[in-house]
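Heads up: the sequence shown begins at -11 in our numbering, then just goes up one per residue.
Glycine is no exception: its CB is placed at the ideal position from the N, C-alpha and C atoms.
For reference, the structure is listed below as structure tokens.
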Amino acid sequence: MTEEELLHAETFRDRVTTVTESGKRNWIYALKPSGRYYKYRNIVSYIYLIVFFALPFIKINDTPLFLINIIDSKFVLFGKIFWPQDFFIFAVGMISFIVFIVLFTVIYGRLFCGWVCPQTVFMEFVFRRIEWLIEGSPGRQKALNDGPWTFQKVWKKTLKHSIFLLFSFLIAHTFLAYILGIDEVVKIMGEPLAMHVGLLVGLIVFTVLFYGVFAFVREIICTTVCPYGRLQGVMFDKDTMQISYDYKRGEARGRLNKKETRTLGDCVDCHKCVMVCPTGIDIRDGVQLDCVGCTACIDACDEVMEKVGFQKGLIRYASENQIANGARFTFTPKIKAYSVLLFVLMGLMSVMIFTRKTVDTHILRVKGQLYQEVEGGKLSNLFEAKIINKTSKPIPVELKPEGIEGEIRLVGAQSLMLKEEAVNEITFFLEIPKTAIHERSNKISIGVYSNGQKIQTVKTTFLGPFK
Ligand code: SF4
Ligand code: SF4
């Protein structure tokens, strides 16, 4: 290729397919895909949607399986309650997640985007389906959009946008259930709206946001807005698996003429791969940021290859090296380094989750209080304890001094029953025989017991007289 030809060939990189040359929105009318991958994606999307809408209803021992209550800083993962005190586990979890995303992207490219990204799943398998059902094929949709406002156009548009709004409302409610929990959402729904104006405003904002994204913004989210999509350019290398056009086999492209012996490549230049592309790109131009890895072009091209009697896979999952050199997949040093880091972080996180306390106790001497001399030749200190019960059940606990003779007397209570999912604040006196106290400030340990089993040992100080 001459330099001039190369420059010309790369002009597609100077513009985005969603904007016309005059700067207006170029609405993409993608054909409905069909084929092997679309069938698999259908199955994945059904499972995905069932899981997404069902998860808020699933509970373990009356605790939701997942809850991300940012408002009250309460998080539940797999039925385990996490508190702000457990934030370090979240921090390690987030770092592991980011490393996982990077590693996954380095190896598998945009597999996530094409198969399980909520934007793709809802757009392709919910909203576009509704559109096809009401407005018909992309050709009919274009005719409807370009045509005058007839009665048919008005009712079709009204029906479509009403259902879009309804689904957006449903998605917003489901997100709310992930934040507040399904019981709270059901309770709020039964109460007068005036009691929850803030929440209602939030719901309306999110409903409008989802509606706007799925009804109008669409593929622009993937090609322009999504930070993960933007960052992929720096994560990809020549061994990254992506949807690739086998230009070695396909070029030189040209129409099929059954009367002549074919001297051209296998691409019959039918443009089917372009017509099904939801972002409107031509994958034959090479790897592009706008490709969301939806596999629609693979299915379209395979169908064409089958019809013309050529081998399938002209467009397929393959890395640049695989296409250019026929190279096989290898673990590059970058992949190995990310994998080691990921395993270390996952191990660290598992240890932290495994050794995480369900009852967390902090004991401090009440400020400004000195020791008291009490009956029986004892010294007494007043303490305050904050005991967090991270479970969803009340827990009976008992405090006992350890390694020293002494007695604990609770203030205002006989026994200690920790309220579930709460910080329990208690005050108690610790009485120790004078003979056991030899210093002004004495390091002591207090054991926290539940049902006869020690669950924690807390260190604190006991104040005695000056010596
Ligand atoms: S669908 Fe296949 S044969 Fe048709 S233009 Fe695309 S790559 Fe070429
Ligand atoms: S190029 Fe192919 S895989 Fe990429 S977005 Fe278009 S149709 Fe989907």
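With a cutoff of 7 Å, A284 does not count as near ligand 1, since its C-beta is closer than that to no heavy atom of the ligand.
Cβ neighbours of Y17 within its own chain (closer than 8 Å, five residues either side excluded): P126, G127, Q129, K130. Under the three-state reduction of DSSP, E291 is assigned to helix.
At a cut-off of 7 Å, the beta-carbon of D257 counts as near ligand 1: some heavy atom of the ligand is closer than that. Beyond the five residues adjoining it in sequence on each side, K366 comes within less than 7 Å, by CB distance, of E419, I420, P421, K422 in the same chain, given in chain order.
Burial of A165 is indicated by the presence of at least 16 other C-beta atoms within 10 angstroms of its C-beta. By the criterion of a C-beta distance shorter than 8 Å, E291 is surrounded in its chain by S22, G23, K260, once the five residues flanking it on both sides are discounted.
R29: member of the alpha helix (DSSP H) spanning 24 to 42, first to last residue. The segment 37 to 57 makes contact with the segment 154 to 165: 3 or more CB pairs, one atom from each, lie closer than 8 Å. Under the three-state reduction of DSSP output, F319 falls in the coil class, being neither helix nor strand. With contact defined as three or more Cβ pairs closer than 8 Å, the segment 399 to 414 and the segment 370 to 383 are in contact. Taking the Cβ of L302 as the reference point, at least one heavy atom of ligand 1 falls within a distance shorter than 7 Å. Going by beta carbons, A284 and V264 fall inside the 8 Å limit. Within the segment 168 to 192, the alpha helix (DSSP H) runs of at least 4 residues that lie entirely inside it are, in chain order, 170 to 177. M405 has P384 as its beta-bridge partners, per DSSP. Taken in chain order, the whole beta strand (DSSP E) runs of length 3 or more contained in the segment 40 to 77 are 54 to 57, 62 to 65, 68 to 70. Positions of the beta strand (DSSP E) runs, each at least 3 residues long and wholly inside the segment 85 to 113, cannot be given because no such run exists. T195 sits in a helix when the DSSP states are folded into three classes. If you look at P215, you'll find it in the alpha helix (DSSP H) that goes 215 to 223. Counting only residues of its own chain and dropping the five nearest sequence neighbours on each side, Y26 has a CB closer than 6 Å to the CB of D287. Just so you know, the alpha carbons of S368 and D171 end up roughly 46 Å apart. The three-state reading of DSSP puts G200 in helix, counting H, G and I together. Runs of beta strand (DSSP E) with 3 or more residues, each lying fully within the segment 331 to 391, are found at 347 to 353, 360 to 362, 366 to 377, 383 to 390, listed in chain order.
When DSSP states are grouped into helix, strand and coil, K324 belongs to the helix group. Contact between the segment 387 to 398 and the segment 431 to 438 is present: 3 or more CB-CB pairs across the two stretches fall below 8 Å.
Taking a cut-off of 8 Å on C-beta distances, the segment 110 to 121 touches the segment 191 to 208, as three or more cross pairs fall below it. Looking from the CA of K148, the closest CA among F115, W137, I167 belongs to F115. Cα atoms of F63 and N133: separation of roughly 46 Å, rounded to the nearest angstrom. T318 counts as exposed, since fewer than 16 other C-beta atoms from the protein chains shown sit within 10 angstroms of its C-beta. Distance from I59 to I167 at the Cβ level is roughly 7 Å; contact confirmed, criterion being Cβ atoms closer than 8 Å. Your pair D227 and S307 checks out as a contact, with CB atoms roughly 5 Å apart and the cut at 8 Å.
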